[in-house]
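Working notes, beginning with the structure itself.
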Amino acid sequence: MSLVKRLLLPHYVLNVALAISFPVLIAIEHPEYISSKTVTPYLRYLLPVLALLFLKIKGAQSAEELVSVFALYGKTLSTYGLWYIQDDRFNFAGSSWNGRWRLFLFLFLWMVIFSLFPLPSYRGPSNVWQLNLAQLDHLSTSGVRQSGERQAGSSSAAKGSSMVTHRRPQTSKLAEIDDDGEPLKSDITGEDDQQDGSSLSKEESDGTMKLSDLDPSHYWVISLNTTWSSPCRYFEAVQARCSIKYSRANVHFAKVDLDMEPGGEEMANRFRISMQATTIDLPTLVLMRNGEVLSQLPQKANTKIGGEVLGKVGWDRSEQSVVSAFELAQLGTGRESFAKSSKHAQA
1 MSLVKRLLLP HYVLNVALAI SFPVLIAIEH PEYISSKTVT PYLRYLLPVL
51 ALLFLKIKGA QSAEELVSVF ALYGKTLSTY GLWYIQDDRF NFAGSSWNGR
101 WRLFLFLFLW MVIFSLFPLP SYRGPSNVWQ LNLAQLDHLS TSGVRQSGER
151 QAGSSSAAKG SSMVTHRRPQ TSKLAEIDDD GEPLKSDITG EDDQQDGSSL
201 SKEESDGTMK LSDLDPSHYW VISLNTTWSS PCRYFEAVQA RCSIKYSRAN
251 VHFAKVDLDM EPGGEEMANR FRISMQATTI DLPTLVLMRN GEVLSQLPQK
301 ANTKIGGEVL GKVGWDRSEQ SVVSAFELAQ LGTGRESFAK SSKHAQA
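Residue numbers are given in full-length UniProt numbering: position 235 of the sequence shown equals residue 235, and the series is strictly consecutive.
Given below as structure tokens:
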């Protein structure tokens with residue numbers, strides 16, 4: 001799906017419309033409020049807000065995040081503006097509704113849009129695989145280290161349907177979609193790089209993919225997400241760009257939604273991730289090989305006190321931070337530092 005089509009999704013259109021509703025109302029009903037004489041006394045309050053908005057815009061990693069930030073600040077300022085223009089701002093128990101009904105209508109519409117049109121997942125070009133918990137457990141199990149062990153395990157996988165995992169519709173591999181709903185061929189990257197017997201495109205005729213097709217001896221960059229977390233949704237665009245640039249025959253990108261299956265909280269505890277509503281652990285990005293976590297983002301800050309919290313808060317979730325922490329430019333070529341540590345561990 002193109003960028004324009006993604007930004008025309010109901011979530012973005014409705015939130016932007018709600019954000020600009022107050023400026024439109026002022027321009028129509030109270031044009032006197034727009035004069036410089038009226039605005040000047042409030043500049044000392046507006047400047048810090050504008051400075052914070054500038055920092056948020058500068059840190060936005062995608063157009064979708066930029067629009068969401070603009071809409072959030074616009075709705076917040078509109079809420080204050082609708083409260084400010086009321087006849088009696090502090091008498092909420094009074095009978096005068098001249099202007100007050102607009103504020104309550106605005107808050108009601110905000111809640112309706114938030115409930116019915118949540119932040120959508122990234123739908124642009126990508127080479128990120130959607131995994132389930134069984135597949136993540138397979139890749140993160142330390143006992144599965146050699147390809148011979150993986151092939152031996154494939155025989156037991158055929159004994160039950162629990163060892164065969166079905167792809168989620170339209171989510172197994174995120175790719176740009178044409179007008180007919182079909183993935184564009186130009187979005188399928190890394191085909192020339194695939195090696196015999198190691199391709200992730202191995203599928204049965206019924207559209208299933210066996211656990212044995214996922215090679216733990218390869219590098220896996222996996223994002224641990226939840227569907228309700230806005231930072232996770234925003235980070236999908238960053239991971240998608242990295243997957244297009246740095247996917248190789250032995251380097252794969254994937255994501256797991258921990259809240260979509262039973263056992264997600266247990267899996268989160270394995271990676272020391274909190275799934276509380278106020279968590280700062282999401283998203284967590286891990287680099288794995290042979291069931292071992294080689295690196296993880298956010299990283300712990302190099303401080304004596306509060307290093308773990310500072311590292312999580314300070315991670316900007318930028319593409320450059322991922323490339324640097326996981327050595328994506330060299331990953332899978334044999335020149336990365338992780339290759340040396342893996343060989344030493346196997347010896």
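We put the CB at the ideal spot given by N, CA and C, even for glycine.
Residue i burial status per 10 Å Cβ neighbour count (16 or more: buried)
i      : result
Gln239 : buried
Val49  : exposed
Arg30  : Going by the sequence as given, residue 30 is His instead of Arg. Looking at its Cβ environment, which holds fewer than 16 other Cβ atoms inside 10 Å, His30 is exposed.
Leu328 : buried
Lys58  : exposed
Ser35  : exposed
Gly263 : exposed
Tyr122 : buried
Tyr12  : buried
Tyr246 : buried
Glu336 : buried
Leu331 : buried
Ala19  : buried
Leu211 : buried
Ala277 : exposed
Those residues which DSSP pairs with residue i across a bridge
i      : result
Gln330 : In DSSP, Gln330 forms no bridge with anything.
His252 : Trp220
Leu297 : Leu285
Gln130 : Lys255
Asn225 : Asp257
Glu292 : Arg289
Residue i, enclosing beta strand (DSSP E) - first and last residue
i     : result
Trp83 : Taken as a continuous stretch (DSSP letters only), Trp83 belongs to no beta strand (DSSP E), being part of the alpha helix (DSSP H) at Ala63 to Tyr84.
Cβ pair residue i, residue j closer than 8 Å
i      : j      : result
Ser318 : Pro283 : no
Met288 : Ser126 : no
Arg233 : Leu119 : yes
Leu131 : Met267 : no
Met275 : Asp257 : no
Ile222 : Val286 : yes
Glu261 : Leu133 : yes
Gln61  : Ala254 : no
Trp83  : Leu103 : yes
Phe114 : Pro10  : no
Cα-Cα separation, residue i to residue j
i      : j      : result
Leu107 : Asp213 : 49 Å
Asn225 : Ile26  : 40 Å
Leu43  : Ala51  : 12 Å
Asn250 : Thr279 : 32 Å
Ala17  : Ser295 : 42 Å
Leu66  : Thr333 : 35 Å
Lys75  : Trp315 : 26 Å
Lys5   : Ala63  : 12 Å
Ser243 : Leu14  : 31 Å
Asp281 : Lys37  : 46 Å
Asp193 : His252 : At Asp193, the pLDDT of 43 sits below 50, so the modelled position is not reliable; the number obtained from the coordinates is stated separately. Asp193 and His252: Cα-Cα distance of roughly 12 Å.
Trp129 : Trp220 : 10 Å
Val24  : Leu105 : 16 Å
Ile273 : Trp101 : 43 Å
Gly81  : Leu72  : 14 Å
Val293 : Phe326 : 11 Å
Arg270 : Ser217 : 20 Å
Leu7   : Leu297 : 28 Å
Ile28  : Thr79  : 17 Å
Val69  : Phe338 : 37 Å
Ser21  : Tyr33  : 15 Å
Leu3   : Thr227 : 21 Å
Glu265 : Leu47  : 42 Å
Gln299 : Ser321 : 10 Å
Gly124 : Thr40  : 43 Å
Val112 : Leu53  : 25 Å
Asp215 : Leu77  : 51 Å
Met1   : Phe235 : 17 Å
Continuous alpha helix (DSSP H) stretch holding residue i: start and end
i      : result
Ala240 : Ser230 to Tyr246
Met275 : Unbroken run through Met275: none, as it is neither H nor E.
Glu336 : Counting along the chain, Glu336 falls outside any alpha helix (DSSP H), and DSSP gives it neither H nor E.
Phe22  : Ser21 to Glu29
Leu8   : Premise fails: Leu8 is in no alpha helix (DSSP H) and is neither H nor E.
Ile113 : Arg100 to Leu116
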